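Asks: Chains as they are written, first to last, in numbering that gives the first Met the number 0: chain G, 0 to 244; chain B, 0 to 452; chain S, 0 to 192. Take a look at this one; I'll ask things after.
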Amino acid sequence: MKVGLFIPCYVNQLYPKVGIATLELLEKLGVDVDYPTGQTCCGQPLGNSGYESDSKGSCQLFVENFKNYDYIVCPSGSCVYHVKKHFDILEQTEDVVNVRNNIYELSQFIFQVLGKTNVGASFPYKVGIHKSCHGLRGLRLGSCSERMDAHYSIEESLLKEVKGIQLKTLNRVDECCGFGGTFSIFEEAISVKMGKDRIQDHLSSDVEVITGTDQSCLMHLDGLINRNNQPLKVMHIAEILNSTL
Amino acid sequence: MSHAKEAELFNKDEAKVNWHDQALWFVRNKRDKAAHTVKGWEDLRNLASAIKANVLSNLDDYLVQFEENAQKNGIQVHWAGDAEAHNKIVHDILLQNNVKKVVKSKSMLTEECHLNPYLEAHGIEVIDTDLGERIVQLAKEPPSHIVLPAIHKTKEEVDALFQKHLGTVPSHGDPRYLTNEARKHLRDKFLKADAAITGVNFAVAETGGIVVCTNEGNADMGVHLAKVHIACMGIEKIIPEEKHLGVFLRLLARSATGQPITTYSSHFNKPVQGKEMHIVIVDNGRSEQLSREAFRSSLHCIRCGACMNTCPIYRRSGGHSYKATIPGPIGSILSPGMDLKKHSSLPFASTLCGSCSDVCPVKINIHEQLYQWRQIITKNVKQPVVKRSILKMAGIVLANSKLYGFLGRSSRFMLKHLPKSIVNSKINTWGKARDLPKVENDNFEDWYKKRKS
Amino acid sequence: MSRASILNAIKKNKPESVPLPQIDLSLFHEDIDLVDIFYKNLESVGGRIVSLNTIEDLDAEIKKRYPNAKSIVSCSNTSQLATISISNETEPHSLESIDLAIIDAQFGVAENGAVWISENDFIVRALPFIANDLVLILSKNDICLHMHEAYNLISKRERTFGVFLSGPSKTADIEQCLVIGAQGAMSLTVFIF
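Rendered as structure tokens:
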């Protein structure tokens with residue numbers, strides 16, 4: 000099994016530690032991982048902003064970079080969802096279809112493909128999960144509060160097995176944080192208010208560390224927390240699952 | 000003014016935003032509890048969606064069948080292509096019956112057609128009889144929500160409004176007192192009205208009958224007292240058979256307010272001897288929306304308002320920020336079909352979080368339609384130069400590994416070395432309220448290459 | 000745009016025919032105590048319930064609950080409390096001062112506490128809405144599980160006017176505060192026997 004690691008553009012540039020934790024974690028789990036250099040972006044920022052047709056080049060490049068892997072793993076549910084959902088703008092060649100079928104968000108890959116919940120991590124902190132929307136309602140990484148399905152959550156299943164961790168329950172279990180890509184700029188007032196409200200929920204729920212599967216949401220929350228000097232840390236789920244504290 | 004600007008204004012008063020958010024979240028919570036009590040809720044949603052899909056694919060036949068059956072029962076059926084035709088038909092019926100005073104129960108269609116100002120300009124008194132609608136009517140405002148028209152008003156504001164218009168005494172916003180005063184005021188209007196106008200929740204092709212749902216009993220009070228009943232409906236309100244009401248009535252009120260059913264679900268099939276009943280069937284852009292494959296299912300909507308209650312943007316920007324008859328997520332996919340330019344900011348008033356689609360009782364893929372409208376709007380409505388050029392440029396950069404590598408490195412360099420005061424300054428919208436991430440020495444790719452070698 | 004042009008536009012723009020789904024009732028079936036669930040739901044929507052040991056107690060129990068009711072219309076043969084009689088000639092405006100209306104309910108719906116009544120049961124359409132208080136009489140044996148069963152029960156009726164009534168009139172339009180007694184009946188009591 001050959002796995003291609005997709006590190007989203009902003010994670011590559013701004014959060015290399017998340018990429019490192021993802022790679023190390025997969026290697027620890029015995030996965031043969033390769034990072035194809037020259038990768039850029041899945042095209043999501045363009046698509047979500049209404050410029051999908053300008054993103055064809057980057058989507059095509061994405062397929063070129065990843066077509067030869069059995070699986071593609073990415074520490075961002077949002078990017079994975081974009082490939083699965085919106086790569087229909089490309090001609091559906093075998094390569095395109097394979098890439099769309101074989102791409103997984105990191106925790107989803109560990110849970111569904113590797114069939115593991117305990118990854119041998121330890122992390123003695125009180126943790127609140129931010130369930131990013133594209134992972135939750137796009138990839139269905141868990142049941143969402145709107146639907147009357149039986150409860151499940153891939154993130155919770157993995158995090159519950161982490162030694163020493165205390166998972167905290169929020170008042171609003173899966174409300175959006177307000178990042179939303181370019182929404183965070185063009186609807187700045189609401190974006191900031193939504194982020195502040197999410198953070199307050201974590202604070203009121205006695206959380207020390209906010210985690211999630213999407214660094215973009217976490218970047219938004221982290222930016223607010225740092226600006227307002229709030230007693231919270233933000234870590235990607237890969238960093239917790241790779242932790243041996 | 001764009002949604003973003005309106006939302007920014009609304010957010011100047013954070014306490015009010017919190018109040019508004021919590022009031023609607025309370026309703027969303029009640030909806031969750033109500034839905035949880037129903038065995039097979041998701042099956043019901045699937046059924047409702049499939050029935051509506053069937054309706055749209057046979058809509059012309061069902062409308063004709065409905066008309067025939069309604070006429071057999073002595074109901075007069077009228078057809079209106081647009082808002083103007085609708086208003087004229089209603090006015091003509093009122094003229095023929097020498098009507099001076101009209102009571103009206105909730106109908107988003109008549110809001111959409113701006114019926115009230117039309118009739119008022121022709122010297123007819125129109126009283127909205129749903130309490131929330133009466134409140135906004137007295138305040139000379141449009142409803143800010145399709146089920147809770149006055150959700151943006153505090154009880155103190157209602158108190159002041161009633162003192163001014165209904166002569167009530169100050170009550171510190173006592174809802175019981177104010178509701179009772181409204182009851183007396185509206186009783187008088189019901190007793191004196193010559194005609195009653197209602198909306199239509201469902202029109203049954205099989206029987207030619209209509210169902211109107213209210214909690215206050217205002218539609219029935221109006222209709223059963225007045226000598227003329229005019230019911231106005233969009234073409235998409237049709238359902239094939241009466242038994243399908245079982246599906247929709249189980250979903251509607253639970254989704255809307257968390258009630259197991261509305262207090263009154265009134266089935267009108269035949270006018271009382273000596274009275275008139277009219278139904279006005281209105282297109283007003285709906286048949287055009289039907290032609291748009293990606294947006295067709297927006298016509299499934301049963302106007303429950305659940306997408307508004309759940310929408311984190313709606314809750315924090317208020318219904319008026321949408322500047323559309325139907326605000327919130329569903330409005331943001333319906334309104335661009337009516338006037339693309341005017342409503343071009345609405346599909347962007349979303350993080351595409353998808354909560355609206357999962358809460359929707361008829362499973363409209365609202366957030367996916369928002370995405371699709373965005374693609375159309377950037378091609379057809381002039382976009383801000385900065386946004387357009389940055390995103391077009393990004394398309395070029397992201398399709399080119401080398402260019403991307405170079406630009407990534409240089410922007411990281413700038414982020415790292417420019418003083419914080421510039422990085423977080425006003426020109427950088429991100430930085431108004433948020434810090435930018437601290438930049439490390441290497442990006443991931445640099446680290447990976449070093450590690451490999 | 001006339002009738003013809005609306006219909007033509009629809010014909011031109013509608014998608015390929017999609018089949019009408021069947022309602023599979025087994026998805027919604029539950030073995031529950033119908034009377035118990037009906038009680039709970041009716042209470043949750045602001046209605047009151049009086050359980051009669053025998054139908055003969057009806058009038059005494061109504062009097063106990065509505066001691067001040069003076070103008071009473073009864074459309075039920077089981078109650079003799081009427082002080083005013085009505086017919087289908089009755090002018091609805093004249094019912095404005097009715098204190099209490101007593102009506103036989105055809106059946107109740109467990110899932111939502113609603114009862115079905117139709118024009119024949121109350122003679123003047125305005126009555127159940129304009130009366131200040133409302134009494135409904137319902138047999139324990141006439142409670143169905145859900146709305147699918149309810150529509151089956153009324154499928155053969157003469158269609159004039161009918162209503163599912165779930166509790167007294169209410170509103171929450173002022174700051175989401177629930178107030179019982181909006182434009183319709185101020186209270187609703189179901190007497191079950």
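Note that CB positions come from ideal geometry on N, CA and C, so glycine has one too. The model shown is predicted, which means the values in this text are computed figures rather than measured ones.
Counting only C-beta atoms, is residue 37 (chain S) closer than 7 Å to chain B at any point?
Replies: Chain B contact via Cβ: absent.
Asks: Counting contacts by CB-CB distance shorter than 7 Å, is residue 167 (chain B) in contact with chain S?
Replies: No, its Cβ sits nowhere closer than 7 Å to a Cβ of chain S.
Asks: Entirely within the stretch 167-231 of chain B and at least 4 residues each: give me those alpha helix (DSSP H) ranges in chain order.
Replies: You should have 174-191, 217-224.
Asks: Taking three-plus beta-carbon pairs below 8 Å as touching, is the stretch 432-442 of chain B in contact with the stretch 220-237 of chain G?
Replies: Yes, since at least three Cβ pairs between the stretch 432-442 of chain B and the stretch 220-237 of chain G fall closer than 8 Å, the two stretches touch.
Asks: Check whether the Cβ of residue 168 (chain S) lies closer than 7 Å to any Cβ atom in chain B.
Replies: Closer than 7 Å to some Cβ of chain B, the Cβ of residue 168 (chain S) qualifies, so yes.
Asks: According to DSSP, is residue 3 (chain G) helix, strand or coil?
Replies: Correct three-state label for residue 3 (chain G): strand.
Asks: Can you name the residues of chain G whose CB is closer than 7 Å to the CB of residue 94 (chain B)?
Replies: Residues of chain G passing the Cβ test: none, with the nearest at roughly 47 Å.
Asks: Check whether the stretch 382-390 of chain B touches the stretch 35-55 of chain G, taking contact to mean three or more Cβ pairs, one atom from each stretch, closer than 8 Å.
Replies: Yes: at least three Cβ pairs fall under 8 Å.
Asks: Report yes if the CB atom of residue 178 (chain S) is closer than 7 Å to the CB atom of residue 178 (chain B), and no otherwise.
Replies: Going by C-beta atoms, residue 178 (chain S) is nearer than 7 Å to residue 178 (chain B).
Asks: Hey, is the stretch 13-27 of chain B in contact with the stretch 20-38 of chain G, meaning 3+ C-beta pairs nearer than 8 Å?
Replies: In short, these stretches do not touch, since the Cβ pair count stays below three.
Asks: Starting from the beta carbon of residue 163 (chain S), find every residue of chain B whose beta carbon is closer than 7 Å, and list them in chain order.
Replies: Residues of chain B passing the Cβ test: 260, 264.
Asks: In chain order, what are the residue ranges of uninterrupted beta strand (DSSP E) at least 3 long that sit wholly in the stretch 330-361 of chain B?
Replies: The stretch 330-361 of chain B contains no whole beta strand (DSSP E) run of 3 or more residues.
Asks: Can you give me the Cβ contacts of residue 40 (chain G) inside the same chain, cut-off strictly under 6 Å, excluding the 5 residues immediately before and after it?
Replies: Cβ within range, chain order: 8, 57.
Asks: Drop a sphere of 10 angstroms on the beta-carbon of residue 199 (chain G), count the other beta-carbons inside from all chains shown, and report buried for 16 or more, exposed for fewer.
Replies: With fewer than 16 other Cβ atoms within 10 Å, it is exposed.
Asks: If the cut is a Cβ gap below 9 Å, which residues of chain S does residue 453 (chain B) touch?
Replies: For residue 453 (chain B) there is no data in the structure shown, the boundaries of chain B being 0 and 452.
Asks: For the stretch 87-100 of chain B against the stretch 186-205 of chain B, are there 3 or more C-beta pairs whose distance is under 8 Å?
Replies: At 8 Å Cβ cutoff, the stretches touch.
Asks: CA-CA distance, residue 9 (chain S) and residue 339 (chain B)?
Replies: Their backbone Cα atoms lie some 21 Å apart in a straight line.
Asks: I need the straight-line Cα distance from residue 59 (chain S) to residue 184 (chain S), nearest angstrom please.
Replies: Looking at the two C-alpha atoms, the distance is approximately 21 Å.
Asks: In the stretch 72-92 of chain G, which residues sit with their C-beta less than 7 Å from some C-beta in chain B, listed in chain order?
Replies: So the list is empty, because no residue satisfies the distance condition.
Asks: What whole-angstrom Cβ distance do residue 109 (chain G) and residue 118 (chain G) have, given they're in contact under 8 Å?
Replies: So it is a contact: roughly 7 Å between Cβ atoms.
Asks: Which whole-angstrom value describes the C-beta separation of residue 239 (chain B) and residue 54 (chain B), a residue pair presumed to lie in contact below a C-beta threshold of 8 Å?
Replies: The Cβ separation is near 7 Å, so the contact holds.
Asks: Kindly say whether residue 175 (chain S), judged by its beta-carbon, lies nearer than 7 Å to any beta-carbon of chain B.
Replies: Output row for residue 175 (chain S): interface = yes.
Asks: Does the beta-carbon distance from residue 204 (chain B) to residue 236 (chain B) come in below 7 Å?
Replies: Not in contact: residue 204 (chain B) and residue 236 (chain B) (Cβ atoms no closer than 7 Å).
Asks: What did DSSP end up calling residue 34 (chain G) once you bin it into helix, strand or coil?
Replies: Here residue 34 (chain G) sits in coil by DSSP.
Asks: Residue 211 (chain B): which of B:168, B:281, B:266, B:77 sits nearest, CA to CA?
Replies: Nearest of B:168, B:281, B:266, B:77 to residue 211 (chain B), Cα basis: B:266.
Asks: Return the residues of the stretch 113-139 of chain S that lie within a Cβ-Cβ distance of less than 7 Å from chain B, sorted by chain order.
Replies: Answer in chain order: 113, 124, 125, 128, 129.
Asks: Identify whether residue 151 (chain G) lies in helix, strand or coil by the three-state DSSP scheme.
Replies: If DSSP states are grouped into helix, strand and coil, residue 151 (chain G) belongs with coil.
Asks: Where does residue 0 (chain B) land, buried or exposed, given buried means 16+ other C-beta within 10 angstroms?
Replies: Exposed is the call here.
Asks: Please state if the CB of residue 70 (chain S) and the CB of residue 103 (chain S) are separated by a distance shorter than 7 Å.
Replies: No; because the gap between Cβ atoms is not below 7 Å, this pair is not in contact.
Asks: I need the straight-line Cα distance from residue 127 (chain S) to residue 90 (chain S), nearest angstrom please.
Replies: Approximately 14 Å, taken between the alpha carbons.
Asks: Is the beta carbon of residue 9 (chain B) sitting closer than 7 Å to the one on residue 327 (chain B)?
Replies: No, these two residues do not count as a Cβ contact at 7 Å.
Asks: Determine the DSSP secondary structure at residue 113 (chain S), reduced to helix, strand or coil.
Replies: Looking at residue 113 (chain S) - three-state DSSP - the assignment turns out to be strand.
Asks: Is the Cβ-Cβ distance between residue 249 (chain B) and residue 43 (chain B) less than 7 Å?
Replies: A contact, by the Cβ cut-off of 7 Å.
Asks: In angstroms with no decimal places, state the Cα-to-Cα distance between residue 246 (chain G) and residue 383 (chain B).
Replies: Residue 246 (chain G) lies beyond the range of chain G shown here (0 to 244); nothing can be said about it.
Asks: In chain order, what residues of the same chain have a beta carbon less than 6 Å from the beta carbon of residue 113 (chain B), not counting five sequence neighbours either side?
Replies: So the list is empty, once near-sequence residues are dropped.
Asks: Quick one: is residue 452 (chain B) near chain G, going by C-beta distance under 7 Å?
Replies: Cβ-Cβ to chain G under 7 Å: no for residue 452 (chain B).
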